[in-house]
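Numbering (UniProt numbering), first residue to last: 1 to 141.
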């Protein structure tokens with residue numbers, strides 16, 4: 001009999017903000033205790049940036065350095081996404097059949113607990129659970 005159980009996949013939205021770094025760090029810490037089968041890091045390109053290739057390289061390097069510092073055994077899968085943030089995050093979560101979509105506490109206007117309409121829209125549109133990781137009040141801004 002074939003195992004039809006869905007694998008635990010988490011997608012982490014990652015850009016050049018401190019909030020997304022906090023979200024990725026939280027996911028890596030959590031994954032050390034209860035490993036996901038696969039971690040997908042969605043590198044969000046900001047349309048204002050001049051060189052997309054350069055930004056992709058910088059974002060990938062930052063994420064890899066954090067993974068290495070956390071002694072991650074299996075390096076996450078990286079995907080570059082462009083376009084409307086909510087739409088591309090939902091598409092990548094659906095593509096990988098993610099159980100969880102993790103975003104920073106103020107990612108793209110998502111203020112945890114603020115009733116922000118963008119945050120509510122993402123939670124409603126996502127094909128999986130959404131984890132909004134707030135910045136710890138003791139972390140530097």
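Glycine included, every Cβ here is placed at the ideal spot set by N, Cα and C.
Any heavy atom of the ligand SAM closer than 8 Å to the beta-carbon of residue 57? As presented, the structure is devoid of all ligands, the ligand SAM included, so that no description of it is given.
Look up residue 44 in the DSSP assignment and give the residues it is bridged to. As a working mapping, residue 44 is identified with position 44 in the chain shown. According to DSSP, which records beta bridges pairwise, residue 44 is partnered with 81.
Which of the three DSSP states is assigned to residue 119 in this structure? Residue 119 sits at position 119 when you count from the first residue of the chain shown. Three-state DSSP puts residue 119 in a helix.
DSSP three-state assignment for residue 72, whether helix, strand or coil: Here residue 72 is taken as the residue at index 72 of the chain shown, counted from 1. Three-state DSSP puts residue 72 in coil, outside helix and strand.
Report the three-state DSSP secondary structure of residue 34 (helix, strand or coil). Here residue 34 is taken as the residue at index 34 of the chain shown, counted from 1. DSSP places residue 34 in coil when its eight states are reduced to three.
In angstroms with no decimal places, state the Cα-to-Cα distance between residue 43 and residue 78. Translated into positions along the chain shown, residue 43 becomes position 43. Translated into positions along the chain shown, residue 78 becomes position 78. Their Cα atoms are separated by approximately 7 Å.
Compute the distance between the beta-carbons of residue 41 and residue 98, then report whether it is under 9 Å. Translated into the one-based positions of the chain shown, residue 41 becomes position 41. Translated into the one-based positions of the chain shown, residue 98 becomes position 98. In this structure, residue 98 does not lie closer than 9 Å to residue 41 by Cβ.
Pop quiz: residue 125 and residue 12 are said to be a contact at Cβ under 8 Å. What is the actual Cβ separation, rounded to whole angstroms? Locating residue 125 in the chain shown gives position 125, where the first residue counts as 1. Locating residue 12 in the chain shown gives position 12, where the first residue counts as 1. So it is not a contact: roughly 17 Å between Cβ atoms.
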